[in-house]
């Protein structure tokens with residue numbers, strides 16, 4: 004026999020009784036549905052008859068509360084959308100870092116690693132260019148042949164303004180490091196705890212727009228990328244020495 008309860012029509016009074024008997028459910032609804040709070044307050048205000056006499060000693064706060072609720076609802080919605088955007092951006096960044104790491108691990112020698120950085124990194128991170136730079140004073144004999152770019156330490160210091168991490172518009176010294184013009188750059192020194200000449204190397208990323216890299220951009224993923232490149236470079240250099 005079919006359950007007659009499944010055919011029962013739920014009325015507004017049923018909903019009111021349920022919410023009255025379950026205040027926790029009401030609190031959860033108001034917390035997760037900001038528009039509902041504004042609607043409730045607005046409804047409370049419109050339920051007063053136009054010609055109803057209100058005691059002069061009573062201040063009607065319903066219009067102000069309704070306006071405040073609508074404003075809070077908009078702010079909550081904007082915050083919610085902002086959090087979703089940040090979460091999506093973080094997920095994309097971690098996915099890109101994962102792909103870059105796989106590319107580095109797939110390389111079998113120094114030349115292959117440099118090729119991954121120069122050709123695959125720009126595609127993975129949607130960049131104008133990417134290159135591994137080594138200071139001329141620390142460069143080994145076949146650095147250029149292996150795919151590294153060689154520049155004097157003074158020029159590199161001027162490009163980074165003496166920082167371990169530079170984000171922003173390229174100055175004249177930084178422009179001279181570029182293979183082709185870039186709207187913005189990220190220049191990250193590889194970790195100094197790694198052996199020479201790895202600690203004298205840098206990773207240069209060229210952005211397609213002026214907003215690709217800027218001083219307010221989070222640096223955690225860039226630093227982690229530089230560490231991955233540094234560790235891989237140290238391993239490839241050690242392998243190269245052992246093969247001699």
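In the working numbering, the protein residues as written are 4 to 247. From the three backbone atoms N, C-alpha and C, an ideal C-beta is built for every residue, glycine too. Computed from a prediction, not measured in an experiment: that's the story for all the values here.
| Check | Outcome |
| --- | --- |
| Kindly indicate which three-state DSSP category residue 169 falls into: helix, strand or coil? | strand |
| Apart from the five residues just before and just after residue 212, which ones in its own chain have a Cβ nearer than 8 angstroms to its Cβ? | 186, 187 |
| Tell me whether residue 185, by its Cβ, gets closer than 7 angstroms to a heavy atom of the ligand SAH. | Absence of the ligand SAH from the depicted structure is noted, as is the absence of any ligand whatsoever, leaving it without description. |
| Run through the DSSP bridge pairs and tell me what residue 154 is partnered with. | 138 |
| Here's a check: name, in chain order, each residue in its chain whose Cβ is nearer than 8 angstroms to the Cβ of residue 147, leaving out the five neighbours to either side. | 153 |
| If we ignore side chains and look at the alpha-carbon of each, how far apart do residue 191 and residue 226 end up? | 7 angstroms |
| Check whether the stretch 228–246 and the stretch 193–207 touch, using three or more Cβ-Cβ pairs below 8 angstroms as the test. | yes |
| When you compare only the Cα positions, how much space is there between residue 114 and residue 135? | 11 angstroms |
| Under a CB-based cut-off of 8 angstroms, is residue 114 close to chain B? | Checking the listed chains, one finds no chain B in this structure; it contains a single protein chain. |
| What is the DSSP secondary structure of residue 221, reduced to helix, strand or coil? | coil |
| Span of the alpha helix (DSSP H) holding residue 205? | Unbroken run through residue 205 is the beta strand (DSSP E), 204–210; no alpha helix (DSSP H). |
| Considering only residues of the same chain and omitting the five flanking positions on each side of residue 194, which have a CB-CB separation below 6 angstroms? | 230, 233 |
| Would you call the stretch 203–211 and the stretch 125–140 in contact, with 3 or more CB pairs under 8 angstroms? | yes |
| What does residue 187 pair with, by DSSP beta-bridge criteria? | 210 |
| So, helix, strand or coil for residue 192, using DSSP? | strand |
| With C-beta atoms as the reference, is residue 137 less than 8 angstroms away from residue 204? | yes |
| First and last residue of the alpha helix (DSSP H) that includes residue 164? | Element bounds for residue 164: n/a, residue is neither H nor E. |
| Under 8 angstroms Cβ to Cβ from residue 95, same chain only, skipping five residues before and after it: list those, please. | none |
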